[in-house]
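K.L.:
Numbering (the working numbering), first residue to last: 18 to 179.
Where is the CB? At the ideal position from N, CA and C, for every residue including glycine.
Can you keep this structure in mind? I'll have questions shortly.
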């Protein structure tokens, strides 16, 4: 299982980012703490975590300095049953579709789940995020590239993905 994950946070007009390993996380609080650590270190009031797994699904997680609960968006809520990281992310807000009848490889139409407004104030309206998620033939990495372009950290993401 190949998973890419990176935390990004703005500081003024500049974004900072780093690739992170989610292999040791066990609960959503582990992810939130990781994000808050970078948010604090970089002097930001918000952090985003982008996750992409196996060219099958992606997630966007947002944590604000206010200490509120993490806001999570999954491109396909059904993956919470198949992927450990997605299962952990589902702890935020009770995401995830009922256990699918079909196997993971036979799910052609994603079912987005979660807070689709997670990026609205950063230039990616919820309706567009859902449309990109459910659009046929668009890979999760391509959607994250659009997200990064709109929010202003495309160069950082591209450098990590090379």
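So, under 8 Å CB-CB, residue 93 and residue 127 are touching, yes? Tell me the CB distance rounded to an integer number of Å.
P.N.:
4 Å
K.L.:
Taking the DSSP output, what are the residues bridged to residue 65?
P.N.:
25 and 79
K.L.:
Where does residue 131 sit, in a helix, a strand or coil, going by DSSP?
P.N.:
When secondary structure is reduced to three states using DSSP, residue 131 falls in the strand class.
K.L.:
If you follow the beta strand (DSSP E) that residue 89 is in, where does it begin and where does it stop?
P.N.:
Run containing residue 89: 88 to 91, per the beta strand (DSSP E) assignment.
K.L.:
Taking all protein chains shown into account, decide if residue 19 is buried (16 or more other Cβ within 10 angstroms of its Cβ) or exposed.
P.N.:
exposed
K.L.:
Starting from residue 188, trace the beta strand (DSSP E) in both directions and tell me its first and last residue.
P.N.:
The requested residue 188 is not part of the displayed model; the chain covers only 18 to 179.
K.L.:
Between residue 171 and residue 165, what straight-line distance do the alpha-carbon atoms span, to the nearest angstrom?
P.N.:
4 Å
K.L.:
Let's see if you can read the secondary structure: which residues bound the alpha helix (DSSP H) around residue 162?
P.N.:
157 to 168
K.L.:
Specify, as a first and last residue, the run of the alpha helix (DSSP H) that residue 147 falls within.
P.N.:
For residue 147, the enclosing alpha helix (DSSP H) covers residues 143 to 151.
K.L.:
Can the beta-carbon of residue 22 be found less than 8 Å from the beta-carbon of residue 61?
P.N.:
no
K.L.:
Please name the residue, chosen from 36, 24 and 142, that lies closest to residue 177 on a Cα-to-Cα basis.
P.N.:
36
K.L.:
If you run the structure through DSSP and keep just helix, strand and coil, what is residue 103?
P.N.:
The answer is helix: DSSP assigns residue 103 an H, G or I state.
K.L.:
Could you have a look at residue 171 and say whether DSSP puts it in helix, strand or coil?
P.N.:
helix
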